[in-house]
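Residue numbers (mature numbering (1 follows the signal peptide of the UniProt record, and there is no 0)): -22 to -1, 1 to 456. All C-beta atoms in this analysis are idealised placements derived from N, C-alpha and C, irrespective of residue type, glycine included.
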């Protein structure tokens, strides 16, 4: 089935092309001419194998040997195609229609057997026909979608064979001449008549069902999934194909999905052409992820003393607060503590040409752990910070990491009496380097940059623009 996957790889890239007629996308994929050429190279490998499956029917007839000699009956049978080669295949975007695939230098061979009977004479042998100058033109229509999925159909197809060269065993001269006449013409016409229907058949029976069966929702982890559905009917530009996808996270098991209370931004991509493919990922994608995790209660983190590396020289117990909140060490002397850190609201990532910033607002609930292991509430703080984020691609996944930022806290509630917020603010900032690695471990889970199987991305470059990240990459089919 490798040929099926290879040819489908071409049509998958070609068909996942959309426009934002219905709504702004959260994720845009741009396939440049370099990407189309590479996809076509992989698709041609499959197309060559597909055309080699063409079956030619038996040709039988009589041939007059003259008025006195009568007629001989001949049969041409067992014909099969081999060594199909389609060099110089080209792909061209046809604006607002689809793609045009064309070649004028294809060639292949037809092998078979011949059989002649005349009176009591019976001879047979083999033949080989070398077919050259195969010209093909296939137009693909990409103007429809079904349930957020692309469709592809053959808009037009033409085929012409320019050259035929016959080689055959045996010494029957009139049969050679017959091949150069009627038989050669019949074989050529049958080939021309069958190549386009074979392409139609493959698109209708293999490629189209494959596209219809592709999931547009992909599980990212047990909590969330990502919606890759098209946001509008496909279209094609003159120099590239633009893929406009929803790019929206949702909570697994929630049907229908709860729409986020914010919309994707407008993205205007630069005319980049150096790489095969470009991915424009808006801050909308990240923020729907944060919203999903916050709604699912996943943005909660418990910090305990055994999670603090020894080199920090800090122990999370009530003695840590002896100077800033004396009442704590008196009420709960030398007891371990726990900090429950949670998002007070959905974090919002902001992407601009200067970089990525995250300004989360969190709650920090402090507990003393009693000898019976039950928690005793101490105080609730609200914490604000401005953190710089870095983005990278790891094993095909987009991952974020936060850099250290200062925390400002305010007191929301105290169970141990009044205390100086400025003093506790210093303590909380001491703990930021402890918490940050755990936050980054969560962010490193990331999400897949590509949505098509069997491809690997390389030579990745990352640029930041207003409200989106642009990833440039080259593609290798696997």
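The secondary-structure analysis by DSSP pairs residue 175 with nothing; it has no beta-bridge partner. Between the C-alpha atoms of residue 384 and residue 415 there is a straight-line separation of about 15 Å.
The shortest CA-to-CA distance from residue 375 to any of 257, 164 and 55 is the one to 257. If you draw a straight line from the Cα of residue 309 to the Cα of residue 354, it comes to about 10 Å. The beta-bridge partner set that DSSP reports for residue 131 consists of 119. In the structure shown, residue 445 adopts coil according to DSSP, grouped into three states.
Between residue 330 and residue 444, the C-beta gap is smaller than 8 Å, which places the two residues in contact.
When DSSP reads this structure, residue 430 sits in no beta bridge, so it has no partner.
Within the same chain, and ignoring the five residues on either side of residue 70 in sequence, the residues whose Cβ sits closer than 6 Å to its Cβ are 78. By the 16-neighbour rule on beta-carbons within 10 angstroms, residue 394 is buried.
Take the alpha-carbon of residue 427 and the one of residue 335: they are about 20 Å apart. For residue 251, there is no enclosing beta strand (DSSP E), as DSSP marks it with neither H nor E. A distance below 8 Å separates the beta carbons of residue 270 and residue 201.
If you draw a straight line from the Cα of residue 422 to the Cα of residue 377, it is about 5 Å long. Linking residue 135 to residue 248 through their CA atoms gives a straight-line distance of about 34 Å. For residue 412, the three-state secondary structure derived from DSSP is helix. For the pair residue 424 and residue 350, the CB atoms are not nearer than the 8 Å cut-off.
Within the same chain, 69 come within 7 Å of residue 15 by CB-CB distance, once the 5 residues on both sides are set aside. Between residue 314 and residue 294, the C-beta gap is smaller than 8 Å, which places the two residues in contact.
For residue 268, the enclosing alpha helix (DSSP H) covers residues 261 to 273. Residues of the same chain with a CB within less than 6 Å of the CB of residue 227, apart from the 5 flanking positions on each side, are 202, 204, 266, 267 and 270 in chain order.
One thing to note: residue 399 has its Cβ within 8 Å of the Cβ of residue 388. Excluding the 5 residues flanking it on each side, residue 343 has same chain C-beta neighbours closer than 6 Å at 318 and 358, in chain order. In this structure, the alpha-carbon of residue 198 lies about 12 Å from that of residue 206.
Within the DSSP bridge table, the entry for residue 226 names 205 as partners. The beta carbon of residue 57 lies closer than 6 Å to those of 34, 88 and 90 in the same chain, with the five residues before and after it left out.
If you draw a straight line from the Cα of residue 322 to the Cα of residue 339, it comes to about 6 Å. Boundaries of the beta strand (DSSP E) around residue 282: 278 to 282.
Here the alpha carbon of residue 143 sits roughly 41 Å from the alpha carbon of residue 74. In chain order, 178 and 181 place their CB closer than 6 Å to the CB of residue 132, counting only its own chain and leaving out the 5 sequence neighbours on each side. In the structure shown, residue 10 falls within a strand segment according to DSSP collapsed to helix, strand and coil.
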